[in-house]
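Quick notes on the structure that follows.
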Amino acid sequence: MNTCTNKQWKERGDKVFIGTYARYPAAMVKGAGCRLTDADGKEYLDFLAGIAVCALGHCHPRVTEAIHRQAGELVHVSNLYYTEPQIRLGELLTGNSFGEKIFLANSGAEANEAAIKLARIYSGEGRYQVISLSGSFHGRTLATVAATGQPKFHKGFEPLPEGFLHAPFGDLGALAAMISSKTCAILCEPLQGEGGVRPLDREYIQGIRKLCDQNQLLLIFDEIQTGLGRTGTLFAYEQLAVTPDILTMAKALGNGLPIGAMMTRADIAAAFTPGAHASTFGGNPVASAAAVAVLEVMLADGFLPEVQRKGAYFRDQLTFLAERFPIIIGSVRGMGLLLGAVLTEQGATHGPTIVTKMFERGFLMNFAGNVALRFVPPLIVSTEEIDALVSALGEVLAEL
Ligand SMILES: *Cc1c(COP(=O)(O)O)cnc(C)c1O
566 MNTCTNKQWK
576 ERGDKVFIGT
586 YARYPAAMVK
596 GAGCRLTDAD
606 GKEYLDFLAG
616 IAVCALGHCH
626 PRVTEAIHRQ
636 AGELVHVSNL
646 YYTEPQIRLG
656 ELLTGNSFGE
666 KIFLANSGAE
676 ANEAAIKLAR
686 IYSGEGRYQV
696 ISLSGSFHGR
706 TLATVAATGQ
716 PKFHKGFEPL
726 PEGFLHAPFG
736 DLGALAAMIS
746 SKTCAILCEP
756 LQGEGGVRPL
766 DREYIQGIRK
776 LCDQNQLLLI
786 FDEIQTGLGR
796 TGTLFAYEQL
806 AVTPDILTMA
816 KALGNGLPIG
826 AMMTRADIAA
836 AFTPGAHAST
846 FGGNPVASAA
856 AVAVLEVMLA
866 DGFLPEVQRK
876 GAYFRDQLTF
886 LAERFPIIIG
896 SVRGMGLLLG
906 AVLTEQGATH
916 GPTIVTKMFE
926 RGFLMNFAGN
936 VALRFVPPLI
946 VSTEEIDALV
956 SALGEVLAEL
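Per the working numbering, residue 566 is the first one in the sequence shown, and the count goes up by one each step.
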């Protein structure tokens with residue numbers, strides 16, 4: 566039960582939290598579908614979904630039921646024993662992708678850590694370098710922050726772990742020139758989410774695959790944001806005619822419960838033997854039960870085509886807005902329901918203001934990579950809810 570106002574929660578929170586986040590002045594107390602309610606009773610339409618996490622919306626009944634049921638059966642036993650939810654999750658993931666084996670973790674960064682460690686141990690001594698792309702985002706642990714191709718995330722934390730190189734985005738020749746006998750893998754997102762909703766075009770990503778094949782490198786796709794229905798297919802790689810060797814996922818996997826996974830082929834997975842890598846909580850039965858429910862909903866007939874249909878509709882509406890406000894919005898890009906309105910140079914100075922004004926009007930979204938207004942609504946969003954957001958955004962842009 567909520568006992569304080571937004572203002573009181575903010576005061577109490579600011580007193581105890583380390584200041585790693587610039588939070589909005591609202592304490593959220595309840596969520597259902599695409600709607601959130603704060604401590605003052607104000608309602609929001611959520612086009613951020615806990616940063617692309619609550620893909621089935623807040624408190625989806627199937628997920629809530631799975632969590633309740635599992636919490637009453639078994640919450641944790643460690644990975645020294647088998648549990649049903651983990652096994653069912655592994656069967657669903659490998660049965661619907663290129664993957665044959667999974668390792669379960671608690672977050673995206675941990676899934677990427679597992680991928681990096683697997684790539685190194687599989688490739689053998691002396692082959693440890695991982696090349697990622699500028700503008701990428703791979704997490705906040707020391708290794709994943711080193712893999713992240715944005716200097717602003719490195720500042721103050723040097724020296725970073727060795728063995729991470731960044732190739733300029735979009736330049737296949739420069740990437741090829743960085744490959745050496747020390748390289749073990751190329752790590753990239755099929756579409757850079759945090760970096761500003763920036764897709765890699767098909768030729769580029771197919772070229773990266775070819776470079777991996779020619780040089781016996783592993784191709785690691787970070788699908789932590791693009792995976793699990795977000796782009797209109799279970800994984801984004803399905804639309805690019807490129808299959809990775811290792812794939813990481815997290816965010817939407819548990820619809821809000823912390824869980825991540827690293828998935829690969831059996832021949833690569835064999836490089837991890839008992840004791841080589843581990844996680845105490847990874848694939849916790851409750852989080853795994855939630856993930857099983859998520860996959861069952863997403864894989865049901867009609868769910869993913871509906872994401873594609875609504876993604877195309879939303880994209881059209883944003884494109885109309887871009888045509889109305891060419892001084893502010895330069896272009897619209899993305900896949901499925903991972904969409905960005907790329908602001909012009911002049912528009913970008915208003916990015917944070919636009920997000921704040923939308924927040925005041927009761928719409929949650931964010932400004933990614935200082936270039937694009939990012940929209941990652943729950944995949945169950947309705948066209949009416951999309952219309953409501955676009956109409957409010959139109960009013961905010963008109964005010965500028
Ligand atoms: C969010 C994200 C991560 C980090 O995930 P955490 O769960 O915050 O550790 C890594 N890569 C991509 C592409 C992401 O979007």
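Built from N, CA and C at the ideal position, the CB exists for glycine as well. In this text, all values refer to a predicted model and were calculated from it rather than measured experimentally.
H719 beta carbon near ligand 1 (any heavy atom closer than 7 angstroms): no
Start-to-end residues for the beta strand (DSSP E) that takes in C749: 748-753
Reduced DSSP category for M930 - H, G, I as helix; E, B as strand; rest coil: coil
Buried versus exposed, by CB contacts within 10 Å (16 or more), I892: exposed
Any non-hydrogen atom of ligand 1 closer than 7 angstroms to I894 Cβ: Result no, Cβ not under 7 angstroms from ligand 1.
Integer-rounded CB distance, given that L908 should sit under 8 angstroms from G895: Contact holds; Cβ gap of about 6 angstroms.
Supposed contact pair I696 and I751 - C-beta distance, whole angstroms, cut 8 angstroms: The C-beta distance from I751 to I696 rounds to 5 angstroms, short enough to meet the 8 angstroms contact threshold.
Range of the contiguous alpha helix (DSSP H) that encloses K922: 916-925
Pair within 8 angstroms by beta-carbon distance, G714 and V936: no
E754 versus L725: straight-line alpha-carbon distance, rounded: 21 angstroms
Those runs of the beta strand (DSSP E) which lie wholly inside the segment 849-918 and span at least 3 residues: 894-900, 903-908
Through-space distance from K666 to Y646, alpha-carbon basis: 17 angstroms
Backbone CA spacing between F928 and I951 [nearest angstrom]: 11 angstroms
Buried/exposed call for K816, threshold 16 Cβ in 10 Å: buried
Contact under 8 angstroms by Cβ, Q757 with S701: Closer than 8 angstroms, so yes.
A591 vs D603 beta-carbon contact at 8 angstroms: yes
Distance between L765 and A906 (C-alpha atoms, nearest Å): 16 angstroms
Where E608 sits in the DSSP three-state scheme: Strand.
Inter-residue Cα distance where the pair is K575 and R926: One Cα belongs to K575, the other to R926, and the distance between them is close to 19 angstroms.
Minimum C-alpha distance to R874 - residue among A834, R795, F924: R795
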